[in-house]
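Participant:
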Amino acid sequence: MVVTSTPSPTTTRTDRDWTFTILTGTVLAVCFLLSWDSLTLLARAAGQRTTFAPVYSVPVDALAAAAWRASIRLQHAPWRIRRVPLLISVGFVLLSACGNAFRAYAHNGHLAIPAGVAVVVDAVPPVAGAVIIHLQALVRRWAAPALTGITGITGITADDPRIGDDRAPLPPDGETDTARAARQRAYAHTRIAQTIADGGQVTPADVRSWFRDDPRPPADSTARKYLNTIRSATG
6 MVVTSTPSPT TTRTDRDWTF TILTGTVLAV CFLLSWDSLT LLARAAGQRT
56 TFAPVYSVPV DALAAAAWRA SIRLQHAPWR IRRVPLLISV GFVLLSACGN
106 AFRAYAHNGH LAIPAGVAVV VDAVPPVAGA VIIHLQALVR RWAAPALTGI
156 TGITGITADD PRIGDDRAPL PPDGETDTAR AARQRAYAHT RIAQTIADGG
206 QVTPADVRSW FRDDPRPPAD STARKYLNTI RSATG
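In this note's numbering, the protein residues as written are 6 to 240.
Take a look at the structure:
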């Protein structure tokens, strides 16, 4: 039997409910326009220039969406990491809601707000910039990497003596460092997928053990990324 790792059929869907997709897009577009109008009015009341006030909603509403997307990318990261984008998303949604609520105090298109509120409003853009940089760092550090076309080892059977000792297959003569790295990754992906499919548990230490023939086995963080890759692919 050939040892390969392939994604579960349930994880790849080609059909799409276009009616739901269109309705979702319509709702989001209307909500963004309404929020944009209210937050633009709030930004002007806080002293933002007329030229820049219309883009004030971007670091609020767009960041909430970006944080939610980051929480999806980090679904296999530890909870202490996953909760960061979730809290950021909820926090900026509430911030946007509060900003929109000030529209109720507007009269004839003009809004007057207390100085303390203006200070908070003007402080949002730099805070949002720092937050998005932090989210980007978390995603780069913890998100499952995309598969690069290596899905398994073809031509290696389960009873092949080269993997009988639980090590990666022996390198062929004249193998380059790049080819060796690709072979090691493919073998690790295969073993992870097999173990998960059999209902077993895989740890970063297990992944490192499958690189024992490599003079420089992956660090725990890299092993965790390999593990997250297969978990994402297999659902």
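Cβ atoms here follow ideal geometry from the backbone N, Cα and C, with glycine treated the same way.
Touching or not, the stretch 43-59 and the stretch 121-128, by the rule of three or more beta carbon pairs under 8 Å?
Facilitator: Judged by Cβ distances under 8 Å, the stretch 43-59 makes contact with the stretch 121-128, as three or more pairs qualify.
Participant: Could you pull out every residue in the same chain whose Cβ sits closer than 7 Å to the Cβ of W147, ignoring the five residues on either side in sequence?
Facilitator: Position 142 of the sequence shown holds residue 147. Contacts found: L79, A82, I86.
Participant: Could you check what DSSP says for H112 in three-state terms: helix, strand or coil?
Facilitator: The residue you call residue 112 lines up with position 107 of the sequence shown. H112: strand per DSSP, three-state reduction.
Participant: Assuming L92 contacts V65 (C-beta within less than 8 Å), just tell me the rounded distance between them.
Facilitator: For the purposes of this step, residue 92 is taken as residue 87 along the sequence shown, with counting starting at 1. For the purposes of this step, residue 65 is taken as residue 60 along the sequence shown, with counting starting at 1. Not a contact, Cβ separation roughly 15 Å.
Participant: Using 10 angstroms around the beta-carbon of A184, count the other beta-carbons present and answer buried if the total reaches 16, otherwise exposed.
Facilitator: On the sequence shown, position 179 is the one that residue 184 refers to. So A184 counts as exposed.
Participant: Say whether the stretch 99-115 touches the stretch 33-43, bearing in mind that this needs 3 or more beta-carbon pairs closer than 8 Å, one atom from each stretch.
Facilitator: Yes, they touch.
Participant: Taking C-beta to C-beta, are A69 and F97 nearer than 8 Å?
Facilitator: By 1-based counting over the sequence shown, the position of residue 69 is 64. By 1-based counting over the sequence shown, the position of residue 97 is 92. Yes, Cβ-Cβ distance for A69 and F97 is below 8 Å.
Participant: Classify G104 as helix, strand or coil using the three-state DSSP reduction.
Facilitator: As a position in the sequence shown, residue 104 is number 99, starting the count at 1. In the structure shown, G104 sits in a helix (DSSP, three-state: H, G or I).
Participant: Using the rule of at least 16 other Cβ atoms within 10 Å of the residue's Cβ for burial, across every protein chain shown, is N233 buried or exposed?
Facilitator: For the purposes of this step, residue 233 is taken as the residue at position 228 of the sequence shown. Classification for N233: buried.
Participant: Report the residue from A67, A111, L100, R229 whose alpha carbon sits nearest the alpha carbon of Y137.
Facilitator: Indexing the sequence shown from 1 puts residue 137 at position 132. Going by the sequence as given, residue 137 is Ile instead of Tyr. Of A67, A111, L100, R229, the residue nearest in Cα terms is A67.
Participant: I need the boundaries of the alpha helix (DSSP H) containing R49, first residue and last residue.
Facilitator: The residue you call residue 49 lines up with position 44 of the sequence shown. Per DSSP, R49 belongs to the alpha helix (DSSP H) from 23-50.
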